[in-house]
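Written below as structure tokens is the structure these notes are about.
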Amino acid sequence: MSTLARKLLIAGNWKMNLNSSEASELAESVVNQVGTQMEVAVCVCPTYTSLETVSQKVVDSNIALGAQNMHHENSGAYTGEISAEMLRHLFVSFVILGHSERRRFFGETDSDVNKKALAALEASLKPIVCVGESLEERESGQLESVIESQIKGALLNVSPNHADQLVIAYEPIWAIGTGKTATPQDAEAVHAFIRKLLVELLGAEAAGKVRILYGGSMKPENAEELLAQENIDGGLIGGASLKAHAFTSIVESAIKLSS
Ligand code: 13P
69 MSTLARKLLI AGNWKMNLNS SEASELAESV VNQVGTQMEV AVCVCPTYTS LETVSQKVVD
129 SNIALGAQNM HHENSGAYTG EISAEMLRHL FVSFVILGHS ERRRFFGETD SDVNKKALAA
189 LEASLKPIVC VGESLEERES GQLESVIESQ IKGALLNVSP NHADQLVIAY EPIWAIGTGK
249 TATPQDAEAV HAFIRKLLVE LLGAEAAGKV RILYGGSMKP ENAEELLAQE NIDGGLIGGA
309 SLKAHAFTSI VESAIKLSS
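Under the working numbering, the first residue of the sequence shown carries the number 69, and numbering increases by one thereafter.
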């Protein structure tokens with residue numbers, strides 16, 4: 069865990085799972101188990117159709133609400149899209165941007181992610197900007213150049229004043245949903261590299277405030293070791309966030325490291 073004053077953030081990305089009744093039930097269990105602790109920031113990111121019901125479940129707790137995507141414009145003729153303002157209206161505070169599944173299946177580019185990140189910050193939403201390399205890119209020695217262009221592309225014109233609102237998620241594509249996890253040392257090396265890029269872009273003080281999450285098969289069995297790394301400031305959890313017990317045990321690991 070970071071030695072600086074970055075509160076660990078454990079975020080659940082529910083992806084395209086759970087109808088609104090199931091989502092409501094899961095949110096209730098998470099609230100009951102870890103909704104009053106203050107040591108660790110916790111966020112759940114349901115589908116758009118469950119945002120309102122989950123919002124009502126988490127409203128009086130310390131569980132924050134996140135969305136999985138948004139459009140960069142405020143309103144207009146963009147059929148099927150949702151704006152930052154609409155998310156704010158439902159008390160959403162985080163938004164995942166540029167997840168590798170959105171890049172891969174929906175053609176999102178670094179420039180799209182950049183527009184969304186700027187719009188999110190403008191609307192006081194905290195963007196969770198996702199970056200990560202494929203196995204082929206890693207094995208052919210392109211890891212750092214891929215991460216560098218994703219970070220620099222996504223954060224163009226982001227002000228250092230927004231550093232404490234900004235979250236980066238490093239999610240190696242080969243570790244997502246595969247059961248393969250980066251070793252804590254490999255993950256830490258990439259996180260430290262991302263921190264170095266943030267220093268270049270935002271200056272040292274601001275870079276120290278940005279939280280960098282790890283995502284990719286994080287589960288109760290490996291969370292503590294990953295979260296103990298200096299530049300790993302939390303987790304973005306997919307599969308394990310769909311089971312209240314697994315998700316809250318990851319939160320418990322984070323609490324243990326924070327106290
Ligand atoms: P898994 O935890 O299922 O590997 O998913 C990670 C992820 O993509 C979170 O955004």
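Where is the CB? At the ideal position from N, CA and C, for every residue including glycine.
In this text, all values refer to a predicted model and were calculated from it rather than measured experimentally.
heavy atom of the ligand 13P below 8 Å from residue i C-beta
i	result
C111	no
G166	no
K311	no
N81	yes
M286	yes
E169	yes
A243	yes
G307	yes
G283	yes
A237	yes
L304	yes
T316	no
T246	yes
Where the alpha helix (DSSP H) containing residue i begins and where it ends
i	result
V181	178-190
V319	312-326
A250	First-last for A250: undefined, no H or E at that position.
E201	Note, E201: premise wrong, no alpha helix (DSSP H); not H, not E.
Under the three-state DSSP convention, the category residue i falls into
i	result
I300	coil
Y116	helix
I244	coil
K287	coil
R279	strand
G307	helix
A73	coil
A237	strand
Burial state of residue i (16 or more Cβ within 10 Å)
i	result
F315	buried
A91	buried
Q233	buried
A73	exposed
L223	buried
S227	exposed
L281	buried
A272	exposed
D301	buried
A312	buried
R279	buried
L203	exposed
R172	exposed
T249	buried
F174	exposed
Boundaries of the beta strand (DSSP E) in which residue i is found, first to last residue
i	result
F159	Careful: F159 lies outside any beta strand (DSSP E) and carries neither H nor E.
Any C-beta of chain C under 9 Å from that of residue i
i	result
A314	Here chain C cannot be found, since the structure has a single protein chain.
Beta strand (DSSP E) runs wholly inside the region 83-157, at least 3 long, in chain order: Counting only runs of 3 or more, we get 109-113, 131-135.
Which runs of the alpha helix (DSSP H) at least 4 residues long sit entirely within the region 203-234? Give them in chain order. Listed in chain order, they are 203-207, 211-222.
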